[in-house]
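Take a look at the structure set out below.
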Amino acid sequence: MTVSTQGMKVNWGSRSLRASVELLSSMRFSISLLTVICIASIIGTVLKQAEPLGNYVNQFGPFWAQAFSLLSLNTVYSAWWFLLILAFLVISTSLCIARNAPKILVDLNQLKENVREQGLKAFGHRAEAALAEAPEAAARRIGQTLVQSGWKVKLQQRRTPEGDGWMVAAKKGAANKLGYIAAHSAIVLVCVGGLLDGDMIVRGQMWLNGKSIYTGGGLIADVPAQYRLSDRNPTFRANLLVAEGTQSSTAILNQPGGVLLQELPFSIELKKFIVEYYSTGMPKLFASDIIIHDKETGEKIPARVEVNHPARHKGVEIYQSSFDDGGSSVTLKAIPMAAATKPFEIQGTIGGTSSLSNGQGDSAEKLTLEYTALRVINVENFASGGSMGGSGADVRKVDLHQAIDSRLGAANKTVTQKELRNVGPSVSYKLRDAAGQAREFHNYMLPVKTDPGENSPAVYLMGVRETPSAPFQYLRIPVDAEGGMETFLRLRAALANPAQRELAVKRYASQAIGPDRPELVQQLAASASRALALFAGSGPEAAGGKTAGLQAISDFMEANVPEAERNRAGEVLVRILNGALFELAQMTREQAGLKPMPQDEKTLGFMSQMVLSLSDAHFYPAPMAFELKDFTQVQASVFQVARAPGKTIVYLGCAFLILGVFAMLYVRERRVWVWLAPRGKDGAQAEGGNGAGSVSESAGSSQATMALSTNRKTLDGDKEFEMLKTKLLQAPL
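The following block contains the structure:
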């Protein structure tokens, strides 16, 4: 006997296909997909997207940064698994609609008039009554009443042993079922719109057209065609930076590990960038006056782009995204922080670099100066307790923007007084050594008066930080009588010169004691010489220059003076140090041909700040600081250009979702049945009726049985049933 397995294979294949369709179209599968999408969206909201890998390493560490990269959590919305889930959700919801929509559409026209009288007695809302009308007349009256109230009605005649009976079937609120179709269609439309506006089409071009991600650098014009997308690309969302007076037609699509270049069917010329600020220094308005140059027709179209007011041309939306520096030129002056460094001036462009050399010969240290930012306006808080106000504020250790940042965010923060003031331009740059390590610096162009005291000097602020996540710490250099920091530079150079220090010590000791007591002069000179050597970081007590400034003096006192006498001895040594430094400063001014400083309260405040500046300068982590001397600002506007065919589909989906949710939540489907049967000749009272008595003459009377069903049991349903019972069964005997 021969057994054929062909039919078995077909049956097994059909069962597998049917099971797959059942799984894809099931509600549990759709809800699972929606749950994963919601979790991914939360991750994409909390975790900054498309940031450089170094930012994730700095914030989360190398392990988690690598994990984010492997799982594409840093680019959730363009991850292959996210797009795959969206695609499965579209398929699942579409199958669900395909399975249920025909039944729903058929059910819209069905009034279920074939229900039996015994079935009506099983409903929760039911009533019976004896009517003085014949069944046909009562049916037509009840049907007309329901039609006038907006019900869809159908009458059906049935033959019974007692005569012809009539069934009145009515339905209202059919839009509730349409809401189901609308809501599910909305999910499909929104997902399809998201797929169209996502990276799916861009990735398809990369797979099919041989496009690849560009990871190099250089000019945009030099990038080969394999890294460029055509201006006929149906969907993209890219960024375009245009400086004032220039035009560009190539936007940049950020991709994991690199970029793609998107050609536009037009070029954008930036005529003028406009920015207005609040008193806090935050931008209030920024807009761009542009000219759109159409490549095909040569037409020049003027337009204005503002935030939330984009321009549109050839299906491409042009949004005002942000603003940036367009290549401002700056002139910087090098301030020596090390003995081997000499003052010089250098010119550069924001975004560019310059090569420097610290020292001479083969041993010279090679440095790269990177010009990162120019800010023309810097608004800071100078009120008491603010970051730049109050005698207790130490600007060297406090971020200048703390006063503003502390007022953003939670409402439970303490409100303090504000005294906002524009402190003028600032420049940011990086110094990178030969090993590629870099520190970031932020220096203000104009001196700032951080202490409200009358005799406190204005100071130049020079900030530095080791990592982008750390706040800036500021070195404060006081402004001298000539309005600059030359006194600081001369005094720092003299402090590093042992001969100059000894000469200043002798002048200080002889003036403090007088010529008639030479032994005390010698003792004071020895103490002053030791204090200056410690402060300058030279001599055996300073550990070979490893410590200097006030910290070196503190360490010396702890090592050589008993604790009980330490405070008093420290005060004396600091007084000697201040006196010797004052004489050293006077000497440097005399050598420069300047008038000596007067001995008054203003000079005392100046020298107090000078001591702190000289002490901190020893720990400045660079051989030079750069002072902003001059600049020519060039503004640039950052546009987001987008061709989004899925936007209209998403808008339509949102409209469907609103209508669908409204229909499902606020529209109740109700069905009413009234069975009208002729009364028997005995005139028996309706069982469970509304209290009508027996009749002696039953000809032309009827027995009514009414029932109401609703898709949701609510108090409104109970009230509506009572109202319908009164209106429809209003002719009792």
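Throughout the sequence shown, residue numbering follows the working numbering, covering 887 to 1619 in sequence.
We treat Cβ as the ideally placed atom computed from N, Cα and C, and that holds for glycine.
Predicted model, so just to flag it, every value in this text is computed and none were measured.
Review point. Which residue or residues does DSSP assign as beta-bridge partners of G1144?
Key: DSSP output for G1144 lists Q1141 as bridge partner(s).
Check your understanding: Tell me the DSSP bridge mates of P1110?
Key -> None; P1110 has no bridge partner.
**Study point:** Between the CA atoms of K1157 and T1132 - distance to the nearest angstrom
**Key:** Distance between the alpha carbons of T1132 and K1157 is about 8 Å.
Review point. Taking the DSSP output, what are the residues bridged to D1516?
Key: The partner list for D1516 (beta bridge, DSSP) reads T1217.
Check your understanding: Skipping 5 residues on each side, what residues in its chain have a beta carbon closer than 7 Å to that of L828?
Key -> Given a span of 887 to 1619 for the chain in the structure shown, any question on residue 828 remains unanswerable.
Point to revise | Buried versus exposed, by CB contacts within 10 Å (16 or more), F1505 | key: Counting every other CB atom within 10 Å of its CB across the protein chains shown gives F1505 a total below 16, marking it as exposed.
Exercise for review: Keeping to the same chain, check which residues put their C-beta closer than 6 Å to that of I1204; ignore five residues upstream and five downstream.
Suggested key: Non-local C-beta neighbours of I1204 in its own chain, meaning closer than 6 Å and more than five positions away in sequence, comprise V1191, P1196, A1197, F1525 and V1527, ordered along the chain.
Review point. D1368 to P1482, Cα distance in whole Å?
Key: For the sequence presented, residue 1368 should be read as Glu rather than Asp. Whole-angstrom Cα-Cα distance: 12 Å.
Check your understanding: Going along the chain, which residues of its own chain have a beta-carbon closer than 7 Å to the beta-carbon of P1142, five neighbours each way excluded?
Key -> Counting only Cβ-Cβ distances below 7 Å, and skipping sequence neighbours, we find T961.
Practice item. Mind checking which residues open and close the beta strand (DSSP E) that includes P1364? Key: From DSSP, the beta strand (DSSP E) with P1364 extends over Q1359 to P1364.
Check your understanding: Does the beta-carbon of Y1164 have 16 or more other beta-carbons within 10 angstroms, so that it is buried, or is it exposed?
Key -> Per the 10 Å Cβ criterion, exposed.
**Study point:** Among T1239, P1229 and V1309, the one whose alpha carbon lies nearest that of E1266
**Key:** Minimum Cα distance to E1266 is reached at V1309.
Check your understanding: Does DSSP put H1504 in a helix, in a strand, or in coil?
Key -> If DSSP states are grouped into helix, strand and coil, H1504 belongs with coil.
Review point. Among residues of its own chain, excluding the 5 on either side of R1557, which ones have a beta-carbon nearer than 6 Å to its beta-carbon?
Key: Annotation for R1557: K1057 and S1595 place their beta carbon closer than 6 Å to its own, counting only its chain and skipping 5 residues before and after.
Review point. Do I1154 and F1172 have their C-beta atoms closer together than 8 Å?
Key: Contact: no.
**Study point:** Segments assigned beta strand (DSSP E), at least 3 residues, entirely inside the segment 1509 to 1559
**Key:** The segment 1509 to 1559 contains these whole beta strand (DSSP E) runs: 1510 to 1518 and 1521 to 1529.
Check your understanding: Between G1238 and P1120, what straight-line distance do the alpha-carbon atoms span, to the nearest angstrom?
Key -> Straight-line spacing of the CA atoms in G1238 and P1120 works out to 35 Å.
Exercise for review: Please confirm whether F1512 and A1129 have their CB atoms less than 8 Å apart.
Suggested key: With contacts defined by Cβ atoms closer than 8 Å, F1512 and A1129 do not form a contacting pair.
Practice item. Given a cut-off of 8 Å, decide if F1327 and R1523 are closer than it, judged by their beta-carbon atoms. Key: Before going further, note that residue 1523 is Ser rather than Arg in the sequence given. Against a cut-off of 8 Å, the Cβ pair of F1327 and S1523 comes out as no contact.
Point to revise | Closest Cα partner of P1531 within the set D1083, F1421 and I1099 | key: For P1531, the closest of D1083, F1421 and I1099 by C-alpha to C-alpha distance is D1083.
Practice item. Determine which residues share a DSSP beta bridge with K1007 and list them. Key: None, per the DSSP bridge assignment.
Check your understanding: Straight-line CA distance for G1465 to L1381?
Key -> When the Cα atoms are used, G1465 and L1381 turn out to be separated by approximately 14 Å.
Practice item. State the beta-bridge partners of Q1133 as determined by DSSP. Key: Assignment of beta-bridge partners to Q1133 by DSSP yields E1155.
**Study point:** Whether D993 touches K1063 by CB criterion (8 Å)
**Key:** Note that the C-beta distance between D993 and K1063 is below 8 Å.
Exercise for review: Return the first residue and the last residue of the beta strand (DSSP E) that H1179 is part of.
Suggested key: Run containing H1179: P1169 to D1180, per the beta strand (DSSP E) assignment.
Review point. Tell me which same chain residues have a C-beta within less than 7 Å of the C-beta of L1614, skipping the five on either side of it?
Key: I1028, T1031, V1560 and M1592, listed in sequence order.
Review point. To which residues of the same chain is F1468 closer than 7 Å at the C-beta, ignoring the five residues directly before and after it?
Key: If you ignore the 5 residues before and after F1468, its C-beta comes within less than 7 Å of the C-beta of M1493, all in its own chain and listed in chain order.
Point to revise | Cα-Cα separation between P1354 and Q1437, rounded to whole angstroms | key: P1354 and Q1437 have their C-alpha atoms roughly 27 Å apart.
**Study point:** Meets three-Cβ-pair contact criterion under 8 Å: the segment 971 to 982 and the segment 1088 to 1107
**Key:** No: fewer than three Cβ pairs fall under 8 Å.
Review point. With C-beta atoms as the reference, is I1138 less than 8 Å away from N1125?
Key: Yes, these two residues count as a Cβ contact at 8 Å.
Exercise for review: Please go through the same chain and pick out, in chain order, the residues whose beta-carbon is closer than 6 Å to the beta-carbon of A905, but skip the five residues on each side of it.
Suggested key: Cβ neighbours of A905 beyond the five flanking positions: none.
Review point. So what's P1375 in DSSP terms, helix, strand or just coil?
Key: Rather than Pro, the amino acid found at residue 1375 in this sequence is Leu. In the three-state reduction of the DSSP assignment, L1375 falls in the helix class.
Practice item. Count the other C-beta atoms from every protein chain shown that fall within 10 angstroms of the C-beta of P1564, then say buried if there are 16 or more, exposed otherwise. Key: Result: buried.
Practice item. Would you give the residue range spanned by the beta strand (DSSP E) that W950 belongs to? Key: Note, W950: premise wrong, no beta strand (DSSP E); alpha helix (DSSP H) at P948 to L957.
Check your understanding: Is Q1616 helix, strand or coil when you go by DSSP?
Key -> Q1616 falls in the coil class under three-state DSSP.
Point to revise | Status (buried if at least 16 other CB within 10 Å, exposed otherwise) for P1021 | key: Under this definition P1021 is a buried residue.
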